[in-house]
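Asker: Residue numbers (the numbering used here): 800 to 1312.
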């Protein structure tokens, strides 16, 4: 399994495309004006506490007040409030907490009115970006993420990632981290720390303590509200969270960004520095790696898959609904149950990809094709779980219901990625049509089904634009069909056809359905 990170830079934003074996699985955009990213820390003022919601509204500078629930305050809230007040007034200059007198923890089932008061200063962290009509969601239980560990101020807990399975390795990491963690700080050990030496963990810890100290220095003169600690740039944060030995290349089209990423990879994985490459070809980088084509075919309402199957993705305010369809495929060698299982397994793989690609969150309901056998339903459930195990977002999958529905909850911390794939109709009518590349994809899928039925001669009638796209250039798409299937397709342009219209005909001139 090869992973590639392709990075496209422009003056206003940077796009990051993560490919697995050449297939697009994640797409991120780093925009200059995103001032409320997950992980950012603000010094803010409590606007008001609302006992009915057991939450407070906080002014962080966004057009809508941010939301801070009592359960997101953290048990050490009194200590944090005391620390912020003393540092802001210049009475406390030792930011490492070893000589700081901690206060009593708050009651886990207490009331927001007892914990916070209006106009209090508080350090808060963005845990969910503004989505739709809602402001950011906050936590006052701060954490600063590094490559191997996450630093948690005002804590004394050492936690190890549940994905590290070996008890011996968990004990080793806990022992090492405990020996280097200063008083007043807790640590969460990340999965990538498995097998690492104490020197690497300590370097990461010192970097995080340096970021904490730099943030605290700002508090004395910081206006309210203001950002006092920003997440590292998107390139570094993506590499920090997903980079591992399975990466085969990181390709960047901007020289300055290339140097930054090369330096960062040298810090976290010196042996992998050579996989970072500066792209200088005249062809746009997303075109070269087939990413534009995949974006066009992956972000519409309907997503086509192998063997004629497709899924339809519908969005509502409350949830997402995904409908699985077998399409017009026919397979005489298999019974209905086997066909349903095959289509469902293909769909589960694509759905896991779509959730990551679009960063869909909340409640997702998937209507798979009904299967009567319990073992097939279990096979589908297990397959979906396996496909989603690499998904970094917290998620939970429920077993299929008696109606064949599978419900998924997936953590949503950012707005869903939504790309418009329709284009203006070139006939000047002002209507919108599907992207031409999706038409070509459908033509190819239909053609492959026709070839399986062993037609001797096949003619494709289509709009002149599409006909030219299929036949011009070397090697043309039609030539590639011939090399793959050993059958020649005659392509006839038809002026009377609408832009997206096409039909196949056999040797007798009869239309093939």
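We put the CB at the ideal spot given by N, CA and C, even for glycine.
(1) On the DSSP bridge list, what partners appear for residue 938?
(2) Which residue's Cα is closest to the Cα of residue 945: 814, 1284, 1042, 895?
(3) Who are the near neighbours of residue 1131 in its chain, counting only those whose CB is closer than 7 angstroms to its CB and skipping five residues on each side?
(4) I'd like to check one pair, residue 1149 with residue 1187: are the Cβ atoms closer than 7 angstroms?
(5) How about the stretch 823 to 842 and the stretch 919 to 927: do they share at least three Cβ pairs that are nearer than 8 angstroms?
(6) Could you work out which residue in 1211, 1206, 1185, 904 is closest to residue 1193 when comparing CA atoms only?
(7) In whole angstroms, what separates the C-alpha of residue 1006 from that of residue 905?
(8) Can you pull the DSSP bridge partners for residue 854?
(9) Under the DSSP definition of a beta bridge, which residues are partnered with residue 1113?
(10) Do residue 1305 and residue 1047 count as a contact pair if the criterion is CB distance below 7 angstroms?
(11) Thinking C-alpha only, which one of 1136, 1191, 1156, 1158 is nearest residue 1167?
(12) Within a Cβ cutoff of 7 angstroms, which residues of the same chain sit near residue 845, ignoring the five residues on either side of it in sequence?
(13) Residue 1161 lies in the beta strand (DSSP E); which residues open and close that run?
(14) Going by C-alpha distance, which of 1254, 880, 1163, 889 is nearest residue 1111?
(15) Count the C-beta pairs between the stretch 1234 to 1248 and the stretch 1198 to 1207 that are closer than 8 angstroms, then say yes if the count reaches three, no if not.
(16) Going by the beta-carbon positions, is the gap between residue 963 and residue 999 smaller than 7 angstroms?
(17) Among 842, 1209, 1001, whose alpha-carbon lies nearest the alpha-carbon of residue 1027?
(18) Across which residues does DSSP place residue 1301 in a beta bridge pair?
(19) For residue 943 and residue 1015, I'd like the C-alpha separation in whole angstroms.
(20) Could you pull the start and end residues of the beta strand (DSSP E) that residue 984 belongs to?
(21) Could you compute how far the alpha carbon of residue 1260 sits from the alpha carbon of residue 815?
(22) Between the Cα of residue 1279 and the Cα atoms of 1040, 870, 1247, which residue gives the shortest distance?
(23) Just mark residue 813 as buried or exposed, buried being the case when its beta carbon has 16 or more other beta carbons within 10 Å.
(24) Determine the closest residue to residue 883 out of 861, 953, 868, with distance taken between C-alpha atoms.
(25) Buried or exposed: which applies to residue 1263, given that a residue is buried once 16 or more other Cβ atoms fall within 10 Å of its Cβ?
(26) Any beta carbon from chain D within less than 7 angstroms of residue 969's own beta carbon?
(27) Answer yes or no: do residue 1051 and residue 806 have a C-beta to C-beta separation smaller than 7 angstroms?
(28) By Cβ distance below 7 angstroms, which residues in the same chain neighbour residue 1142 in space, the five residues on each side in sequence not counted?
(29) So, helix, strand or coil for residue 1021, using DSSP?
(30) Could you please give the first and the last residue of the uninterrupted beta strand (DSSP E) stretch that includes residue 1077?
(31) DSSP puts residue 1046 in a beta bridge; with which residues?
(32) Which residue's Cα is closest to the Cα of residue 959: 1217, 1071, 991?
(33) Which same chain residues, not among the five before or five after residue 940, have their C-beta less than 6 angstroms away from its C-beta?
Answerer: In brief:
(1) 924
(2) 1042
(3) Bear in mind that a pLDDT of 49 at residue 1131, under 50, signals an unreliable position, so the number given afterwards is only what the model happens to contain. No residues qualify anywhere along the chain.
(4) no
(5) yes
(6) 1211
(7) 30 angstroms
(8) 849, 868
(9) 1120
(10) no
(11) 1136
(12) 855, 857, 915, 916, 917, 918, 919, 921
(13) 1161 to 1166
(14) 1163
(15) no
(16) no
(17) 842
(18) 1261
(19) 13 angstroms
(20) 984 to 988
(21) 39 angstroms
(22) 1247
(23) buried
(24) 953
(25) exposed
(26) Among the chains of the structure shown, chain D does not appear; only one protein chain is present.
(27) yes
(28) 1108, 1123, 1125, 1168
(29) coil
(30) 1075 to 1077
(31) 802
(32) 991
(33) 873
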